[in-house]
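Comments concern the structure below.
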Amino acid sequence: MKFRDRVVLALRHEESDRVPIDLGATLDTTIHIKAYYELREYLGLPRKPVRAMGVGGQLAEVDKDILDLFHVDVIDINRTLDPVAPYPYRFKFVSAIDGSVKEVSDREFYVWRAPYGVDVELPRYIEVVEVGEGFAGYSTGKLFGIMPRSGYYFDSLVRWRKDKPPLADVKSVDDIKKFDWDSFKVADDVVEILRKRAEYLYKNTDYALINNFIGSPGGYHDAGGQNLRGWDKWLSDLKIRKPLAEAILDHIHEVRMYNVKKIVNAVGEYVQVIKIGSDDLGTEEGPQIDVKTFREFYKHRFEELINYIKKYSKAFTLLHSCGSIYPFIKEFIDIGLDAINPVQISAKGMDPERLKKEFGDQITFWGGGIDTQHVLPFAKPDEVVDHVKKLIKIFAPRGGFIYASVHNIQPPTPPENIVAMFKTAYEYGKYPIK
Amino acid sequence: MSKEILNSIKESLINLDLDRTIDFVKKAIEYGVKPLDIINSMADGMKVVGDMYERGDYFVADLIVASEIFKEVMDILEPLIMREKLKPIGRVVIGTVEGDIHDIGKNLVATMLRANGFEVIDLGVDVSPQKFVEAVKQYKPDIVGMSALLTSTMINMKKVIEALVKEGLRDKVKVIVGGAPLTEKFAKEIGADAYGENAVIAVDICRKLVEELHKSR
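Listed in order, the protein sequences are those of chains A and B.
In terms of my numbering, the first sequence has 128 at position 128, counting the first letter as 1, and numbering is strictly consecutive.
In terms of my numbering, the second sequence has 43 at position 43, counting the first letter as 1, and numbering is strictly consecutive.
Take a look at the structure:
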């Protein structure tokens, strides 16, 4: 059976020959560069630098040999390793290192030695400069984050308290109007590259294809209001500064609809899945907000977005939302969301059996394949096998399940556990599940 | 009269009504109610908010609104308090450990501790063991609080405790740890005195730790 068909059947809540597997198709279902390097060492694969798929989180682009070994069914259309669409995107920017004007494509790479001890392939539009605190990262000449000397990620300047969120100090609806919202609108040449890549991979591979690029802001809540106002400030905006929150969301929604329309028109006929956003609504202990607030501010906006995609393409919609989000799942089902990720099973109320029983026939669980906080890094391989079997037994029946870890695999994770995990997912995931 | 106003302050805070709380606080000041009594009412209200959060009736957003209200009230009361020289329940030095930049949980704990009468010195994020030791020497706190969000950085908490032992400071403070990947087991293994599962529990534990410490001194 073709990869693509397998994934589509799962999203249609039908059982194919086995549960489809995702490693590396999204920036929420891949693996940290360090853990990936150690995995390749363990497997005896030729030593080489690891290519970064996500620079900030130091996430690995997964090589074809691993995709084959783990029986992965789905890939990102912006992949830069084989299978790769031959359409580079060109950047022109002023270098942060020497002030010269640089013209590079997003397919040109160089090697950078990360402080956590791995040679990393970074795209040439990324520059790294050593500073007091660690390593400052620049993207097309703009500082975006700093990796601490003993760190594993480039943390944002806001986290470092070296910068404020862009709308931190706004007081009135007028202040909000003055913000350059148009800068978020996706450029036509970017959209054209996406179209070419999607078309090429659709015609030249059997993989299921996902488009992760939805432009900025990448959501309404976490990647939306919280990103622009501050994590905590936005939460209180929703309660005690409602007119401000509404005004901000109106602008966010206008830009998101603009971007979604452009992108769906370009890739809609080629990709099977469109990621509609990254909007963490939960914490470990519970939802960040109550359902009433969700309905007041978010539900109708998500609905309009999802409706457009449904109307103008056959692609399934996927939302990333970390944490304890149980009360929102029904709301998302109401508005037609097809799949949810990462399905954080260790968060409060996210019990796999309950989720599958109450929602399993109406939404696809894209994730939930292993507890990456407690089991994958710390258990013995045979405990990992048992744990994965249990989860497959719960999530897999009647389709509606794409196997992936709960969020990215982080160091330190024993490579034997990763191998045990994907081996079990492949072997035990055969339908009908025993 | 003042009892009624104090109760209204507490209730408005519990209802997360910023405007009403500020109004009642201003009224209370006009009527000559002592700042300490206002703060105590606020603290009682915060405790109820914390309990509601524990029960799942309130969410993180609500805790944040409550601490915003608290901060605004403190801004009004601070100039009045300076004159009164109130003694804090205890002094806490808090920080996120080396290599880790996450601070939302730590900030919430710091705010709730202040709301409950503690003096808090916040060292920020990516705090090295040396920096923790220096802070203990400088501020002579009752409690050292450490936060970490990553499995790869929580191990640095052990380094801090070892550094305190090495400097002969370990028995002068109580150590509480917290953060998403942490467990009671881990806290025991590294030699911490306590593990705080969330901000509300952390405040309760800190109160008890200060009592223990003062008894032993």
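Idealized CB from N, CA, C, for every residue including glycine.
Just so it is clear, the structure is predicted and the values come from calculations on it, not from any experiment.
Check, Outcome
"Contact list for residue 152 of chain A against chain B, beta-carbon separation under 7 Å", "152"
"Under 7 Å (Cβ pairs) to chain B, residues found in the stretch 273–289 of chain A", "283, 284, 285, 286, 287, 288 and 289"
"Beta-carbon proximity check, residue 360 of chain A vs residue 400 of chain A, cutoff 8 Å", "yes"
"Candidates A/332, A/336, A/327 and A/335: closest to residue 351 of chain A by CA position", "A/327"
"Neighbourhood of residue 22 of chain A by C-beta distance below 8 Å, restricted to the same chain and skipping five residues each side", "29, 72, 73, 74, 366, 402, 403 and 404"
"Continuous beta strand (DSSP E) stretch holding residue 148 of chain A: start and end", "142–148"
"Near-chain B residues of the stretch 219–236 of chain A (beta-carbon distance less than 7 Å), N- to C-terminal order", "231, 232, 235 and 236"
"Minimum Cβ-Cβ distance from residue 181 of chain B to chain A less than 8 Å", "yes"
"Bounding residues of the beta strand (DSSP E) (the contiguous stretch that carries residue 143 of chain B)", "143–147"
"Exposure of residue 217 of chain B, with buried meaning 16 or more beta-carbon neighbours within 10 Å", "exposed"
"8 Å Cβ cutoff, residue 240 of chain A in contact with chain B", "yes"
"Test item: CB-CB of residue 191 of chain B and residue 161 of chain B under 8 Å", "yes"
"Between the CA atoms of residue 90 of chain B and residue 207 of chain B - distance to the nearest angstrom", "8 Å"
"Nearest neighbour of residue 40 of chain A, chosen from A/386, A/20, A/64 and A/53 [CA to CA]", "A/64"
"Straight-line Cα distance separating residue 410 of chain A from residue 131 of chain A", "25 Å"
"Chain A contacts made by the stretch 124–150 of chain B, where a contact means CB separation under 8 Å", "124, 125, 126 and 150"
"Proximity test, Cβ basis, 8 Å: residue 49 of chain A and chain B", "no"
"Contact under 8 Å by Cβ, residue 123 of chain A with residue 151 of chain A", "no"
"Through-space distance from residue 177 of chain B to residue 372 of chain A, alpha-carbon basis", "21 Å"
"Coil, strand or helix - residue 170 of chain B by DSSP", "helix"
"Residue span of the beta strand (DSSP E) that contains residue 119 of chain B, given as start and end", "119–122"
"Residue of A/395, A/203, A/393 and A/381 minimising C-alpha distance to residue 418 of chain A", "A/381"
"Collapsed DSSP secondary structure at residue 349 of chain A in the structure displayed", "coil"
"Bridge partner(s) assigned by DSSP for residue 137 of chain A", "A/128 and A/145"
"Partners in chain A for residue 18 of chain B, counting only beta-carbon separations shorter than 8 Å", "240"
"Spatially closest choice to residue 110 of chain A from A/42, A/294, A/50 and A/434, by CA coordinates", "A/50"
"Distance between residue 166 of chain B and residue 174 of chain A (C-alpha atoms, nearest Å)", "57 Å"
"Neighbouring residues, chain A, relative to residue 59 of chain B (Cβ below 8 Å)", "286, 287, 288, 289 and 290"
"Under 8 Å between C-beta atoms of residue 120 of chain A and residue 52 of chain A", "yes"
"Per-residue contacts from residue 198 of chain B into chain A (C-beta, under 7 Å)", "285"
"Contact set for residue 9 of chain A: own chain, Cβ-Cβ below 8 Å, skip 5 residues either direction", "15, 16 and 399"
"8 Å Cβ cutoff, residue 155 of chain A in contact with chain B", "yes"
"Contact check, residue 277 of chain A vs residue 214 of chain A, beta carbons under 8 Å", "yes"
"Residue 97 of chain B versus B/149, B/12 and B/73, residue with shortest Cα-Cα distance", "B/149"
"Alpha-carbon to alpha-carbon, residue 199 of chain A and residue 192 of chain A", "11 Å"
"Spatially closest choice to residue 113 of chain B from B/144, B/127 and B/130, by CA coordinates", "B/144"
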